[in-house]
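Input: a single structure, listed below in structure tokens.
Residue numbers (our numbering): 2 to 511.
Right under this line is the structure:
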């Protein structure tokens, strides 16, 4: 996606009911003040988990009957210290997966010079990690549900670490490309498995709902860290050092996982939907490839395979993605929020990184420094997300975050490309991440609310798929608008429309 924007930018310059999650977060019927709203929930600034699962939340009444998803037998709660360590480890891994996706964007021109490759090869190199990551996430989720979260996590980390070690040693373009594809394969196993293990760490609906309010902001944090550090690395040293972070984190996670992560038993009687897995993987990968490289034939073939996947899933005894999973309105809107917010933040980073360097003469290091307020606003809002969700409900907070982020995008569309940094860029670069952090946290709660324990890996796979495909699909649509300002304005309008849908759905549920 980076190269798609980069080339477009260059061309433009030449031309001119009460749910588990609500009870977990201290809210009933999503009325203000209905819950306690005073829990010590944390946001994305630290990897400190919500209150320990060994302490029952005050917001859950003993007379409240559990939902069907909470009725299944759960693993024994972890001790508080173990829960904190497990959350910190899993959170660091999740941040690193998204960091790895974003960290190669800035050094691409240097990579092209070193290997003597052109636009097409750089475009494929930029997309390689995301293609296999997105394409295999549904299968990765089901593998985690079938074989156990910790086993799938370990397998994925091994692949991810090996690929991260091979990438900086690559002496040819083909070797580097293969390493990026392999990183995506490992990440597709790790991401949903991490959510499966997280469910074992926080086995009650209450503690898991609070954990997801924090977990939701980690992906935005990873993308921000990747973009910021990429500029620093590009300015100070070789691009090969960008792979040091994923290698070190994967190695530490492999060493610590047996000590701090609970064992997760395999799912009894789960069968793998092989036809569905093949169709989903091929369909998502080809469709994404077609969008990124603007290739019509792969796009059409991918879409046809996805239609076939939908038909197969309706007939499968144990489908890879049960159709019922996406029929819940709260979950569908949560997933749409994840996709749209990921697209909005990614588009903003790329458009303004290129604008600052190509139009205003910023160096990579100066460009990274320009986004420091973005990171500060993201971390600050992330800290407030958990308590806000506990007090007002995930749906209301998600809608408010979308409105805030949409206002930031609107300001960037109106003034960001024309005025000085302080007057044009800075206000939008504060409002957008503040809204993104809050809405991402709320959307994670909505997307996983009421998911049975046996489908936790599936939920992780679907949520991460939405996050990976959102920027690709949305940006392909934005390319048709012809200008950066129009793209930002259209995204702001989409934020507002989705916020309205959330509020309307809430009113119908009363």
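From the three backbone atoms N, C-alpha and C, an ideal C-beta is built for every residue, glycine too.
Looking only at C-alpha atoms, which of the options sits nearest to residue i?
i           : options               : result
residue 380 : 395, 222 and 285      : 222
residue 204 : 473, 457 and 152      : 457
residue 281 : 399, 339, 320 and 264 : 320
residue 96  : 219, 488, 181 and 142 : 219
residue 442 : 492, 109, 391 and 429 : 391
residue 141 : 102, 343, 168 and 197 : 197
residue 500 : 342, 251 and 255      : 342
residue 258 : 400, 153, 310 and 164 : 153
residue 503 : 412, 425, 402 and 467 : 402
residue 261 : 181, 92, 210 and 350  : 92
residue 352 : 410, 296 and 310      : 410
residue 247 : 265, 213, 126 and 157 : 157
residue 94  : 211, 145, 110 and 250 : 250
residue 105 : 169, 136 and 155      : 169
residue 145 : 344, 382, 459 and 164 : 459
residue 412 : 256, 108, 236 and 492 : 492
residue 291 : 107, 136 and 365      : 136
residue 126 : 139, 138 and 112      : 112
residue 139 : 149, 192, 98 and 110  : 192
In terms of residues, what are the limits of the alpha helix (DSSP H) holding residue i?
i           : result
residue 122 : 120-148
residue 242 : Segment: none, residue 242 is in no alpha helix (DSSP H) and carries neither H nor E.
residue 460 : 457-479
residue 354 : 330-359
residue 314 : 297-316
residue 436 : 427-449
residue 175 : 174-202
residue 116 : 109-116
residue 168 : Where residue 168 is concerned, there is no enclosing alpha helix (DSSP H), given that its DSSP letter is neither H nor E.
residue 320 : Careful: residue 320 lies outside any alpha helix (DSSP H) and carries neither H nor E.
residue 265 : Here residue 265 belongs to no alpha helix (DSSP H), and DSSP marks it neither H nor E.
residue 106 : Taken as a continuous stretch (DSSP letters only), residue 106 belongs to no alpha helix (DSSP H), as it is neither H nor E.
residue 276 : 275-293
residue 210 : 206-216
CB-CB under 7 Å to residue i, same chain, minus the five flanking residues each way: which ones, in chain order?
i           : result
residue 505 : none
residue 283 : 306
residue 147 : 267, 268, 271 and 273
residue 171 : 177 and 180
residue 330 : 506
residue 495 : 341
residue 166 : 248
residue 264 : 151
residue 164 : 180, 183, 184 and 187
residue 238 : none
residue 162 : 248, 251, 252 and 255
Within its chain, find whatever has a CB closer than 8 Å to the CB of residue i; leave out the 5 residues flanking it on each side and keep chain order.
i           : result
residue 173 : 116
residue 314 : 274, 277, 320, 321, 322, 323 and 324
residue 374 : 427, 430 and 431
residue 404 : 436, 496, 497 and 500
residue 155 : 255 and 258
Leaving out five residues on either side along the sequence, give the residues of the same chain with a beta carbon under 6 Å from the beta carbon of residue i.
i           : result
residue 159 : none
residue 134 : 185, 188, 189 and 469
residue 389 : 398
residue 226 : 100
residue 230 : none
residue 488 : 479 and 482
residue 41  : Low local confidence applies: a pLDDT of 39 at residue 41 is under 50, so the model's placement there is unreliable, with the coordinate-based value given in what follows. Excluding sequence neighbours, residue 41 sits near nothing in its chain.
residue 103 : 224, 227 and 228
residue 128 : 293
residue 235 : 107, 108 and 365
residue 350 : 228
residue 462 : 138, 139, 141, 142 and 193
Quick one: any contact between the segment 179-190 and the segment 407-419, if contact means 3 or more CB pairs under 8 Å? The segment 179-190 vs the segment 407-419: no contact.
Tell me the start and end of each unbroken alpha helix (DSSP H) in the segment 362-423 that is at least 4 residues and wholly inside, in chain order. Entirely contained in the segment 362-423, the alpha helix (DSSP H) runs reaching 4 residues are, in chain order, 365-371, 373-393 and 395-412.
Hey, is the segment 428-440 in contact with the segment 463-478, meaning 3+ C-beta pairs nearer than 8 Å? Touching, no, given that fewer than three Cβ pairs across the two stretches are closer than 8 Å.
Please confirm if the segment 116-127 is in contact with the segment 240-258, defined as three or more CB-CB distances below 8 Å between the two stretches. Judged by Cβ distances under 8 Å, the segment 116-127 makes no contact with the segment 240-258, as fewer than three pairs qualify.
Three-pair Cβ contact test at 8 Å for the segment 442-456 versus the segment 330-344: Touching, yes, given that three or more Cβ pairs across the two stretches are closer than 8 Å.
Determine contact between the segment 262-279 and the segment 295-302, defined as no fewer than three beta-carbon pairs at a distance below 8 Å. As far as the Cβ criterion goes, the segment 262-279 does not touch the segment 295-302, which means the pair count is below three.
I'd like to know if the segment 83-103 and the segment 195-202 are in contact, where contact means that at least 3 CB-CB pairs between them fall below 8 Å. Segments in contact, yes.
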